[in-house]
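Participant: Number 69 in our numbering belongs to position 68 of the sequence shown; there are no gaps in the numbering. What follows is a structure written as C-alpha cells; I'll ask about it next.
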Amino acid sequence: MPDIDVKNFILNGPEILMQNLVQMSQIDKSATPLSFTKVLRTFILNTELKGEISTSGSSGNKVSGIIEWIGERKDGNKGIELFLRSRSGNKVFIFGENVQTASFNPQKLFLAIQEIPEQCPICKSAIAARDEIIQCPACGVKAHKDHFLEYIKIHGTCPKCQKRLSMKAKNA
Ligand SMILES: [Zn+2]
Ligand SMILES: [Zn+2]
C-alpha cells in the first residue's frame, strides 16, 4: 500500500487525523490496526506508531521515534501537537501551517512529516526539527530554547511581541 498524503488531516486537528489514521490502518487486514485511548482532547496511542520529523532544506536533519500521543494545539491555532519519544530525547512538536508534506504508511504504521524551517527571532538561523525550542505564550513565536531564555533574562520581553515575560515559565 502506498503512502497516503495526510497533510490536510493534520491541519484539521487531532480528531480528524486520528479518525483517518485508524481507518487507513484497517484497510489492510494483514496490518495491525491503530488504536488509541482518548483522554480529554489528547489521543494516547496504544499501538506503536512510528514517526519521522524532518526539516526541509537542511540535509540529514531528521528525528525519528515513537509517537506517544497526538493532541490539540494549546495556542488554539489549526493543527496538532505530537509527542515523539526518540533516542535523542522526548519532545512535543507543534504542526499546522509549518507542515510542508505529511504522509502515512498504514502497513508500517509510519507517519512522516516534513516541516518548513522557521527562523529563530534571536539568532536568525533556521530552527531544525531536533533543536530544543520554546514558544512565546502570548504570540506563539518559536525560538531556540537557550536563546529565548537568555533573551528573557536580559530584556524581560518576547523578542517578537514585546510582551513582558518572566523566567518562572514552566519547563517545556
Ligand atoms: Zn536561536
Ligand atoms: Zn511573543
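Idealized CB from N, CA, C, for every residue including glycine.
1. What does DSSP give as the partner residue(s) for A144 in the beta ladder?
2. Given L110, which residues of its chain have a CB within under 8 Å of its CB, disregarding the five upstream and five downstream residues?
3. Is Q163 helix, strand or coil by DSSP?
4. What is the rounded straight-line gap between the Cα of D76 and the Cα of P107?
5. Using only the alpha-carbon positions, how far apart do M2 and A127 sit?
6. Can you list, in chain order, the residues of its chain whose CB lies under 6 Å from that of E133, leaving out five sequence neighbours each side?
7. What does R86 pair with, by DSSP beta-bridge criteria?
8. Can you look up L18 in the DSSP assignment and give me helix, strand or coil?
9. Below 8 Å, can you find three or more Cβ-Cβ pairs linking the region 154-166 to the region 81-95?
10. Taking D4 as the reference, which of I45, E82, Q101 and L112 has the closest Cα?
11. Going by the CB atoms, is the gap between T43 and K15 shorter than 9 Å?
Facilitator: Walking through what the data contain:
1. For the purposes of this step, residue 144 is identified with residue 143 of the sequence shown, where counting begins at 1. Its beta-bridge partners are I135.
2. Here the question's residue 110 lines up with position 109 in the sequence shown. Here the set comprises S26, A32, T33, L35, T48, E49, L50 and K51.
3. For the purposes of this step, residue 163 is taken as the residue at position 162 of the sequence shown. If DSSP states are grouped into helix, strand and coil, Q163 belongs with coil.
4. Counted from its first residue, the sequence shown places residue 76 at position 75. Counted from its first residue, the sequence shown places residue 107 at position 106. Each residue's alpha carbon lies about 30 Å from the other.
5. The residue labelled residue 2 in the question sits at position 1 within the sequence shown. The residue labelled residue 127 in the question sits at position 126 within the sequence shown. Rounded to whole angstroms, M2 to A127 spans 35 Å at the Cα level.
6. On the sequence shown, residue 133 is found 132 positions in, with the first residue counted as 1. K146.
7. Here residue 86 corresponds to residue number 85 of the sequence shown, with the count starting at 1. I67 and N91.
8. Numbered from its first residue, the sequence shown carries residue 18 at position 17. Of the three classes helix, strand and coil, the one that applies to L18 here is helix, per DSSP.
9. no
10. Your numbering for residue 4 matches position 3 in the sequence shown. Nearest of I45, E82, Q101 and L112 to D4, Cα basis: L112.
11. Translated into the one-based positions of the sequence shown, residue 15 becomes position 14. Translated into the one-based positions of the sequence shown, residue 43 becomes position 42. The amino acid occupying residue 15 in the given sequence is Pro; Lys does not appear at that position. For P15 and T43, yes; Cβs fall inside 9 Å.
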